[in-house]
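**Student:**
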Amino acid sequence: MQPIKKPKIVYLKGKEAVEALSTFIDELEKQRGEELTNKQTDALIRIANELITSIEAQIKTNATPQREYLPLTAHIRRMINPLTKPIC
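Below you can see the structure in the form of structure tokens.
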């Protein structure tokens with residue numbers, strides 16, 4: 018039995034993260050109605066746009082997050098319930 022190799026995880030911050038999310042949105046639009054339903058596509062685009070807004074706000078204020086990388090699930094929880102306290 019061979020050991021499983023862990024994939025290298027790349028963390029993007031700032032403008033690089035915004036560019037990657039914008040590319041992701043473009044790819045979602047291309048696949049709209051094919052692999053994903055319109056409703057699924059809209060939901061994913063909405064999440065990506067919220068992440069972009071959050072990243073851009075952090076860039077503008079130069080705020081240091083309480084954690085170096087806030088998990089995606091925390092961003093999603095905030096979108097669902099904006100009164101939820103961040104997980105840090």
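Taking the working numbering, the leading residue of the sequence shown gets 18, the next gets one more, and so forth. In this text, a Cβ means the ideal position worked out from N, Cα and C, and glycines have one as well.
Where do the ends of the alpha helix (DSSP H) carrying residue 35 lie?
**Tutor:** Segment 31-48, the alpha helix (DSSP H) holding residue 35.
**Student:** Using DSSP's beta-bridge definition, name the partner residues of residue 53.
**Tutor:** According to DSSP, residue 53 bridges with 49.
**Student:** Report the three-state DSSP secondary structure of residue 96 (helix, strand or coil).
**Tutor:** Reduced to three states, the DSSP call for residue 96 is helix.
**Student:** By the 10 Å Cβ neighbour count, where 16 or more other Cβ atoms means buried, how is residue 72 classified, buried or exposed?
**Tutor:** By the 10 Å Cβ count, residue 72 comes out buried.
**Student:** In the structure shown, what three-state DSSP assignment does residue 77 receive?
**Tutor:** DSSP places residue 77 in helix when its eight states are reduced to three.
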